[in-house]
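One structure below.
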Amino acid sequence: KAGVTQTPRYLIKTRGQQVTLSCSPISGHRSVSWYQQTPGQGLQFLFEYFSETQRNKGNFPGRFSGRQFSNSRSEMNVSTLELGDSALYLCASSLESVNTEAFFGQGTRLTVV
Amino acid sequence: AQKVTQAQTEISVVEKEDVTLDCVYETRDTTYYLFWYKQPPSGELVFLIRRNSFDEQNEISGRYSWNFQKSTSSFNFTITASQVVDSAVYFCADSSNTGKLIFGQGTTLQVKP
């Protein structure tokens, strides 16, 4: 059974650019959540998608957005990148909800210069 | 509001020592879920355990054990006979039935040979 796959693993972008990160959940899982990890703020919840609908949202500006496709794959997009967006972005895959179990991918490390 | 506190920022032990990682949670919900994750240098979060608020039984899995005490709002994690491979950052988290994980700041465990 394949795990959670996040692509790309590493990204370097310039301030002002936009970026799209991808997450393929475990087969059969319908919930995908995104988290941002930084040394200063730790792990913070961005949003959750379930059956192509955003079900939960964290306290991030509108520059952070996401979507989920019919095959449960999810993408998150960050527009007008700022230096502070440099972080490890982790995707979690769950059957129904993180309340049961959440399996994480290896993350995408984004560096904004 | 949900909050998870891991007061120990870093712990260093010598191999074969026992070590306990502390976790204190705050929630107003009567139904909640507590988790422990391990984050090795590779970056992904590895699921270790999940407990719901109605199950205060302690759990043991090999060298790992967990002590859940609602009276003190604590969910502590003990590694018996630690090994170098246990070196990682360990996170405690709570979902409080909200569908999003609230993480503590993490405890970095270093096990020296």
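Listed in order, the protein sequences are those of chains A and B. By our numbering, the letter at position 86 of the first sequence is numbered 223, and the numbering carries on one by one without gaps. By our numbering, the letter at position 48 of the second sequence is numbered 32, and the numbering carries on one by one without gaps. Think of the CB as a built atom: it goes at the ideal place given N, C-alpha and C, for glycine as much as any other residue. Just so we're clear, the structure is a prediction, and the values are computed from it rather than from any experiment.
Buried or exposed by the 16-neighbour rule on C-beta atoms within 10 Å, applied to residue i
| i | result |
| --- | --- |
| Y147/A | exposed |
| Q178/A | exposed |
| V215/A | buried |
| K96/B | exposed |
| P198/A | exposed |
| S188/A | exposed |
| F127/A | The requested residue 127/A does not occur in the structure, where chain A is confined to residues 138 to 250. |
| S230/A | buried |
| K(-13)/B | exposed |
| A(-15)/B | exposed |
| D78/B | buried |
| G203/A | buried |
| Q191/A | exposed |
| A224/A | buried |
Where the beta strand (DSSP E) containing residue i begins and where it ends
| i | result |
| --- | --- |
| Q94/B | T91 to K96 |
| S58/B | S58 to I63 |
| K22/B | Y17 to Q23 |
| V249/A | T245 to V249 |
| Q143/A | T142 to T144 |
| A83/A | The structure shown has nothing for residue 83/A, since chain A only spans 138 to 250. |
| T14/B | Premise fails: T14/B is in no beta strand (DSSP E) and is neither H nor E. |
| T(-7)/B | Looking at the DSSP string, T(-7)/B is not in any beta strand (DSSP E), and its letter there is neither H nor E. |
* Asked: Could you give the uninterrupted runs of the alpha helix (DSSP H) lying entirely in the segment 147 to 227 of chain A, keeping only those of 4 residues or more?
  -> none
* Asked: Any chance the segment 22 to 32 of chain B sits against the segment 231 to 250 of chain A, with 3 or more Cβ pairs inside 8 Å?
  -> yes
* Contact list for the segment 174 to 187 of chain A against chain B, Cβ threshold 7 Å -> For the segment 174 to 187 of chain A, which is checked against every Cβ of chain B, the residues closer than 7 Å are G179, L180, F182 and E185.
* Asked: What residues in the segment 194 to 209 of chain A bring their beta carbon closer than 8 Å to a beta carbon of chain B?
  -> G195
* Asked: Touching or not, the segment 34 to 49 of chain B and the segment 58 to 77 of chain B, by the rule of three or more beta carbon pairs under 8 Å?
  -> yes
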